[in-house]
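**Q** Residue numbers (the numbering used here), protein chains in the order written: chain A, 1 to 704; chain B, 705 to 1408.
Number of protein chains: 2
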Amino acid sequence: MALAALTAFTAAAHADEGMWTFQSFPSAVVQQKYGVQIGAAWLDRVRLTTVRLSDCTASFVSPNGLLLTNQHCAEECLEQLSSPSRSLIDDGYLADGRAQELRCTGQVADVLVGTEDVTAKVLAAMRGRGPTGTGGLAATRGRGPGVETANDARRRALARLVQACNQASREPSGAGSFRCESVDFYQGGQYLLYRYRHYDDVRLVFAPEKGVAQFGGDPDNFEFPRWCLDMAVLRVYERGRPAYTPHYLKIDFAGPRAGEPVFVSGHPGETERTLTVAQLLAQRDVDLLPYVLRASELRGRYIQFGLQSDADRRLVEEPLSLLENDLKESRAELNALLDDDQLARKRSAEAELKSRIAADPQLARATGDPWAEIAQAERVARDIALPYTFIAEGAGFNSQLFRYARILVRAAAERARPDPSRAGGHADAASPMLERRLAEDVPIHPQLETLTLSLGLTRMRDRLGPDDPLVRQVLGKESPEELAARLVAQTTLADPAARKALLEGGEAAISASSDPMIALARLVDPEARALRRRYQDEIQAPVRAALQRIARARFAVLGASAYPDADFTLRLSFGTVRGWTENGAQVEPFTRLARLFERATGSDPFRIPPRWLAAKDRLDLDTPFDFCTDNDIVGGNSGSPVIDAQGEIVGLIFDGNIESIAGTYWFDETNNRSVALDTTMILEALRKVYHADALLAELGAPAR
Amino acid sequence: MALAALTAFTAAAHADEGMWTFQSFPSAVVQQKYGVQIGAAWLDRVRLTTVRLSDCTASFVSPNGLLLTNQHCAEECLEQLSSPSRSLIDDGYLADGRAQELRCTGQVADVLVGTEDVTAKVLAAMRGRGPTGTGGLAATRGRGPGVETANDARRRALARLVQACNQASREPSGAGSFRCESVDFYQGGQYLLYRYRHYDDVRLVFAPEKGVAQFGGDPDNFEFPRWCLDMAVLRVYERGRPAYTPHYLKIDFAGPRAGEPVFVSGHPGETERTLTVAQLLAQRDVDLLPYVLRASELRGRYIQFGLQSDADRRLVEEPLSLLENDLKESRAELNALLDDDQLARKRSAEAELKSRIAADPQLARATGDPWAEIAQAERVARDIALPYTFIAEGAGFNSQLFRYARILVRAAAERARPDPSRAGGHADAASPMLERRLAEDVPIHPQLETLTLSLGLTRMRDRLGPDDPLVRQVLGKESPEELAARLVAQTTLADPAARKALLEGGEAAISASSDPMIALARLVDPEARALRRRYQDEIQAPVRAALQRIARARFAVLGASAYPDADFTLRLSFGTVRGWTENGAQVEPFTRLARLFERATGSDPFRIPPRWLAAKDRLDLDTPFDFCTDNDIVGGNSGSPVIDAQGEIVGLIFDGNIESIAGTYWFDETNNRSVALDTTMILEALRKVYHADALLAELGAPAR
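1) Decide if the segment 880-893 of chain B is in contact with the segment 1245-1262 of chain B; the criterion is three or more beta carbon pairs, one per stretch, under 8 Å apart.
2) Quick check: what's the CA-CA separation for P1345 (chain B) versus Q804 (chain B)?
3) Counting pairs of beta carbons, one from the segment 1377-1384 of chain B and one from the segment 972-986 of chain B, are three or more of them closer than 8 Å?
4) Would V826 (chain B) and L1403 (chain B) be called neighbours here (beta carbons separated by less than 8 Å)?
5) Between which two residues does the beta strand (DSSP E) containing V1209 (chain B) stretch?
6) Any contact between the segment 604-618 of chain A and the segment 203-223 of chain A? By contact I mean 3 or more CB pairs, one from each, below 8 Å.
7) Who are the near neighbours of P145 (chain A) in its chain, counting only those whose CB is closer than 8 Å to its CB and skipping five residues on each side?
8) Please name the residue, chosen from B:I1254, B:D1199, B:F1009 and B:E1186, that lies closest to E1077 (chain B) on a Cα-to-Cα basis.
9) Could you tell me which of A:T274, A:P246, A:L315 and A:A692 sits nearest to A553 (chain A), measuring between CA atoms?
10) Could you tell me which chain B residues have their CB closer than 7 Å to the CB of T601 (chain A), listed as they occur along the chain?
11) Would L470 (chain A) and V524 (chain A) be called neighbours here (beta carbons separated by less than 8 Å)?
12) CB L401 (chain A) to CB A311 (chain A), shorter than 8 Å?
13) Quick one: which residues of the segment 286-303 of chain A get their C-beta closer than 9 Å to a C-beta of chain B? List them in chain order.
14) What would DSSP say about Q362 (chain A), mapped onto helix, strand or coil?
15) Taking the alpha helix (DSSP H) that Y1239 (chain B) belongs to, which residues open and close that run?
16) Check whether chain B comes within 8 Å of A531 (chain A), counting only Cβ atoms and requiring the distance to be less than that.
17) Which residues of chain B have a Cβ atom closer than 8 Å to the Cβ of F606 (chain A), listed in chain order?
18) With three or more C-beta pairs closer than 8 Å as the rule, is the segment 630-638 of chain A touching the segment 305-323 of chain A?
19) Taking S1378 (chain B) as the reference, give the member of B:E1352, B:D1397, B:E1056 and B:G1279 with the closest Cα.
20) Where H445 (chain A) and A489 (chain A) are concerned, what is the direct C-alpha to C-alpha distance, given to the nearest angstrom?
21) Can a CB atom of chain B be found closer than 8 Å to the CB of L338 (chain A)?
22) Identify the contact partners of E1082 (chain B) in chain A, using a Cβ-Cβ distance below 7 Å as the criterion.
23) Scan the segment 580-594 of chain A for residues whose Cβ lies nearer than 8 Å to a Cβ of chain B and list them as they occur along the chain.
24) Could you tell me whether the Cβ of E329 (chain A) comes closer than 8 Å to any Cβ of chain B?
25) Leaving out the 5 sequence neighbours to the left and right, which residues in its chain are closer than 8 Å to R141 (chain A) when beta-carbon positions are compared?
26) Which partner residues does T753 (chain B) have in the DSSP bridge list?
27) Name the one or two DSSP bridge partners that S728 (chain B) has.
28) Below 7 Å CB to CB, which residues in the same chain sit around L1390 (chain B) once its five sequence neighbours on both sides are set aside?
29) Between the alpha carbons of D285 (chain A) and L338 (chain A), how many angstroms are there, rounded?
30) Tell me whether Y690 (chain A) sits in a helix, a strand or coil according to DSSP, three-state version.
31) Against F1009 (chain B), what residues of chain A qualify as contacts under a CB-to-CB distance less than 8 Å, listed in chain order?
32) Answer with buried or exposed for G97 (chain A), where buried requires no fewer than 16 other C-beta atoms within 10 angstroms of its C-beta.
33) So who's on the other strand from A1255 (chain B), going by DSSP bridges?
34) Does the beta-carbon of N1287 (chain B) have 16 or more other beta-carbons within 10 angstroms, so that it is buried, or is it exposed?
35) In whole angstroms, what separates the C-alpha of H426 (chain A) from that of R417 (chain A)?
36) Among B:G1351, B:E964, B:T1093 and B:G1004, whose alpha-carbon lies nearest the alpha-carbon of K954 (chain B)?
Put into structure tokens, the structure is as follows:
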């Protein structure tokens, strides 16, 4: 019985579950399950060829800095490089020679070159500090008069370690730049330093048209079967030349076979697999459900707004598509948390861990009842959910102009205080970032600002009630629509110069300002900050402390057999190319090119680019297009290579199926699938549609 | 232990729970709990003065047919009686003498004058018939060749009994008309005949302005504290004269006291308190959540549509307000079904009933495992939920024009078959209703039709997937917007004459029709009907059979101590005037007039009518306005009198608080509250604002 139940929380060792760090990849499990030997050399090579982009993954595919990633990961760059007369998103791009490789401003690329366990050093620095500042020795820094909390101590120790690592990494030759970051696994069970080789000159080599890269658009997003050529090729440069990257992966243009063991290396962004049942239920009821309802209404307003004219449609296109992606994901997460079988599994895993802890009196004493503490905190979270969402998080004032106003009001208040005691984001060290943000010259669309702001105000009045004192103060005698329209029309904050002046003018300028959006932010801020403080003190802090005790207890029971939650650090997952069963029908793991043309309707998002229609007769319509695997991945793995046992690329991850979204909370091998582009299709497209012969040669493609 | 758990499903006897029939009102419980004697005379008088309107309740308040109900129950009548130059909704109405009492077309009023238990007769008719037609004797009617199911037998027996009752009620004097209806309590545990005195001439005497009757609009809907003068006075007429109604209730214009025991008589519409946990979860996940998401998006589209112009705002006002009411209610139901404590209580009540059944071998044999059967049916319901919703229920084709098309296509198919075997609504007997519906000359707004239809098509493509064969057939190469616009522009079905011609032309006309909306309905119908059949056979029928076995088992265990689910038949609930505790704060049970003026903003829905602003100085601002009680009521109780132990009216039900919506599933006395208008406020308003002296005299109001 104990053994059977234990399976529930050590399932990782039995299924293709886990986003493993390279330093503790379970090679023995892989050997046993698939008869495949993954040795240290394989791991080192894959690690050194896997690249972290701003919010995606890529891999080196030539010794000259060539990177393979997704078109959707390069979309911001494509947008930057477009002009009114030429859209690289719509038309795609192929550099004809290196001189035409165009720089993607702001895009960076990092390769993990070293890791160091600094847990002992951090714990030593934290020793003797109470969790909330009580019992600590007098210190010169920290919240309140002369008390440093364990949290502060931890943060300072990590900052010192990162700084020392950065200094040590400055090579005298000046060759290459490095960056260190601290990493916190298992809720503070393990601290590490990660050292990255850093590139900040990344250029565009190739991207197909969005019409084929993201064929199917929102309806197909998070779905499989799929037909997306979601690839892009970039190149990292150093001192104006292609970087020399001796570690790179070969591409096997024959693609994978069904059932073949494959590995995905990359940077999964975030999972929450160690949340307690109370947290999951609060996330379901307090976060996800209210969000998807608000987002659905906003979606309706955006769509209807876009129907007014072509110009309005274009205006609303980007915010709508971001919203729809969020909505689809949040809705799938909500559905996951309505799955009573999975919740029952979570409950029994929780019960089993508790009983294992109870069986060890010393561990039981050290652990206490963190689950009850979390449940209590989540009760508070439910109590303050509405004002917290609308006032503290600002859902009631949803507009870019209000966000500027809030930043300015807070910056003025915080900058008047001594640097070390300022709230997050307002330390002197963060000033350049804050100033850059306020100086950004992004266009503000008054109609959309009024739309989102009036919706926020309306729902705030609904949910907090028209008799809520702050609601009454905010609205006065105006309707939400009238107030929103007036604020947007009268504020000067759309002008970067006005924002700069207010930032530089500090508290005096903010108090004297007659800008109505500043006045609103001033009015709301005391309650927003009080709610934020309550959230931190009564929810965040106790939950964090309780989760640490759970993590420590789990570690005591399970040892290193558990993988840490995803956090956009480098991970490796294993699995096989396989479909799944849906409503009794088998979903095949591969799609074929022919169906792309059959699915085309001529209307977005099912419109095939002209170049493809013209090339159709030359193409082998039986070419495998996309495929799915049961590797355990999440967002951030976009652009990850799918690697075979020989260490060659056979596919390119670009999505997961809808069931993969439950992967935030748990891995269900029966239907959680990653979705990848087949390398066979890459060859077919580059050769016959794009005639990218030079690129194919650099990628080592076979001669025809 | 057994006793404690038993409480969970006999809670009715201990809390102020229950929508009791007059024939089994628990007077002993009331006597014991409140020391109040409710005898047969009290019950008879209240029953004979309580009136059922089309979808509300009212009560006789004078011997001359005067009825007290809610303004919102008379809103359709007020709309009918309005003209472009005069809105009775905006301005209210007070008849100056009987000649000015205006008829509300279509409004009926029924009084329950007799009940008869016919369970034995119905069961005798059903004996020997299998539940799904197997094992039955050959018969001339019914589905399939010569087999009558128990269901058919039951329906026929009830129809015969109703017919006989109606014939017996035809009084030779011709004085008054009567109507009989059959009633099914406890899932077929008890069958009754209810005999009503029927009035079909109902006239408007008084209604205040909507601005004060529904002050606070949607934001305040389902909330308390409240400030709504939601009252209207109607009068029933017979042969052109006020009806003589010797049974009426006196109004006590002093209103109720806090803590006073009060009784609510009326017609609660629908509760689902006997659903199993599997059904509740399916309702949550399959019905409510998808609906509130679709409705939220539609709300956004309506609101944005209404912002285009004043004309568009007016066009969208009514559908938007209906949608918002539904949405608020559905969302509160969804929240109720996310309440894990209540679900746990349901689970343990279910477990307790199961164990009580298991303890009695004979009962256990007769009962079987209906819970497992329901769970299995609900799994099927989850499997087919998406196509069922979009195709069978028509959410994918959401428009009035499509609904007409579907009715026409089905009528043609059904009318070609012999009468007895036709699907619901298409029997010859139902023909007049069908024809009236198709002949109705309600305006069709092409823009709104296109809006709802394109939204339905878009979400259908999303949810069923663009590769669903029917989705592909429906959309072809068009986008949802293009298709919707074309269908609405080209169909002739907005014209009642075109619909009439198609109905009369039958199958030949439908097959020959080139109307694109008819073509769409033809295309979709085979799959829609197949889904409907699957729903009936695999979900509805087994669930109904299983629920009957549960109901019988519960009856065997509990006897008559349980009340039947609400079904718009006459019920009586008991309780007291009391507030509740919300987020640690006490909500007082009374509001006062002063706050109405304080809450006014000048903008809808917080705009006070001019007559009230003018009367403000004359009013006693300390007058109690609305109050709340813990009586167990639901929608349909609107207009119900709140009656004191002496049998006098002290208030007028018009709403419940947001927590009362969970009353669909269970009664939680801690915070479920009904919301009523205080009779003190009625007097103050009629006297000082409306100067309705004749009306007050008829109501027996005290002299000044």
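Even glycine gets a Cβ: it sits at the ideal position worked out from N, Cα and C.
**A** Judging by the given coordinates:
1) yes
2) Stepping through the second sequence from its first residue, residue 1345 (chain B) is reached at position 641. Stepping through the second sequence from its first residue, residue 804 (chain B) is reached at position 100. One C-alpha to the other measures close to 26 Å.
3) no
4) Residue numbering aside, residue 826 (chain B) sits at position 122 when the second sequence is read from its first letter. Residue numbering aside, residue 1403 (chain B) sits at position 699 when the second sequence is read from its first letter. Contact flag unset, no.
5) Your numbering for residue 1209 (chain B) matches position 505 in the second sequence. Contrary to the premise, residue 1209 (chain B) reads as Gly rather than Val in this sequence. Per DSSP, G1209 (chain B) belongs to no beta strand (DSSP E); it is in the alpha helix (DSSP H), P1200 to A1216.
6) yes
7) Sequence index remark: in the first sequence, residue 145 (chain A) carries index 145 (1-based). For P145 (chain A), the predicted structure reports a pLDDT of 36, less than 50, and the residue's modelled location is therefore unreliable. A value from the coordinates is still provided. Cβ neighbours of P145 (chain A) beyond the five flanking positions: none.
8) For the purposes of this step, residue 1077 (chain B) is identified with residue 373 of the second sequence, where counting begins at 1. Measuring from the Cα of E1077 (chain B), the nearest candidate turns out to be B:I1254.
9) Within the first sequence, numbered from 1, the residue matching residue 553 (chain A) stands at position 553. Considering only alpha carbons, the answer is A:T274.
10) Within the first sequence, numbered from 1, the residue matching residue 601 (chain A) stands at position 601. Going along chain B in sequence order, the residues near T601 (chain A) (Cβ under 7 Å) are K1181.
11) As a first step, residue 470 (chain A) must be located in the first sequence, where it is residue number 470. As a first step, residue 524 (chain A) must be located in the first sequence, where it is residue number 524. Against a cut-off of 8 Å, the Cβ pair of V524 (chain A) and L470 (chain A) comes out as a contact.
12) Sequence index remark: in the first sequence, residue 401 (chain A) carries index 401 (1-based). Sequence index remark: in the first sequence, residue 311 (chain A) carries index 311 (1-based). For L401 (chain A) and A311 (chain A), no; Cβs fall outside 8 Å.
13) L289, V292, L293, R294, A295, S296, E297, L298, R299, G300, R301, Y302 and I303
14) In the first sequence, counting from the first residue as 1, residue 362 (chain A) sits at position 362. Of the three classes helix, strand and coil, the one that applies to Q362 (chain A) here is helix, per DSSP.
15) Within the second sequence, numbered from 1, the residue matching residue 1239 (chain B) stands at position 535. Note, Y1239 (chain B): alpha helix (DSSP H), P1220 to Y1239.
16) Position 531 of the first sequence holds residue 531 (chain A). Reading off the sequence shown, one finds Leu at residue 531 (chain A), where the question assumed Ala. Output row for L531 (chain A): interface = no.
17) The residue you call residue 606 (chain A) lines up with position 606 of the first sequence. Here the neighbours are P1170.
18) no
19) In the second sequence, residue 1378 (chain B) corresponds to position 674, counting from 1. With distances taken between Cα atoms, S1378 (chain B) lies closest to B:G1279.
20) Stepping through the first sequence from its first residue, residue 445 (chain A) is reached at position 445. Stepping through the first sequence from its first residue, residue 489 (chain A) is reached at position 489. So the alpha carbons of these two residues sit roughly 11 Å apart.
21) The count along the first sequence starts at 1 and reaches residue 338 (chain A) at position 338. So yes, L338 (chain A) belongs to the interface.
22) Numbered from its first residue, the second sequence carries residue 1082 (chain B) at position 378. Near E1082 (chain B) there are no residues of chain A at all, since even the closest Cβ is about 12 Å away, more than 7 Å.
23) N583
24) For the purposes of this step, residue 329 (chain A) is taken as the residue at position 329 of the first sequence. Cβ-Cβ to chain B under 8 Å: no for E329 (chain A).
25) Locating residue 141 (chain A) in the first sequence gives position 141, counting from the first residue. Only weak support exists for where R141 (chain A) lies, its pLDDT of 34 falling under 50; the coordinates are left without a value.
26) Here residue 753 (chain B) corresponds to residue number 49 of the second sequence, with the count starting at 1. None; T753 (chain B) has no bridge partner.
27) Residue mapping note: residue 728 (chain B) aligns to position 24 of the second sequence, counting from 1. Looking at the DSSP assignment, S728 (chain B) forms no beta bridge with any residue, so it has no partner.
28) By 1-based counting over the second sequence, the position of residue 1390 (chain B) is 686. Closer than 7 Å at Cβ, skipping near neighbours: A1396, L1399 and L1400.
29) As a position in the first sequence, residue 285 (chain A) is number 285, starting the count at 1. As a position in the first sequence, residue 338 (chain A) is number 338, starting the count at 1. Whole-angstrom Cα-Cα distance: 10 Å.
30) Your numbering for residue 690 (chain A) matches position 690 in the first sequence. Note: Y690 (chain A) maps to coil in three-state DSSP.
31) Counting from 1 along the second sequence, the entry for residue 1009 (chain B) is found at position 305. Simply Q304.
32) Your numbering for residue 97 (chain A) matches position 97 in the first sequence. With fewer than 16 other Cβ atoms within 10 Å, it is exposed.
33) For the purposes of this step, residue 1255 (chain B) is taken as the residue at position 551 of the second sequence. Note: A1255 (chain B) sits in no beta bridge, so no partner.
34) On the second sequence, residue 1287 (chain B) is found 583 positions in, with the first residue counted as 1. By the 10 Å Cβ count, N1287 (chain B) comes out exposed.
35) Taking the first sequence and counting its residues from 1, the one referred to as residue 426 (chain A) is at position 426. Taking the first sequence and counting its residues from 1, the one referred to as residue 417 (chain A) is at position 417. In a straight line, the C-alpha of H426 (chain A) is about 10 Å away from that of R417 (chain A).
36) Your numbering for residue 954 (chain B) matches position 250 in the second sequence. For the residues B:G1351, B:E964, B:T1093 and B:G1004, the minimum Cα distance to K954 (chain B) belongs to B:G1351.
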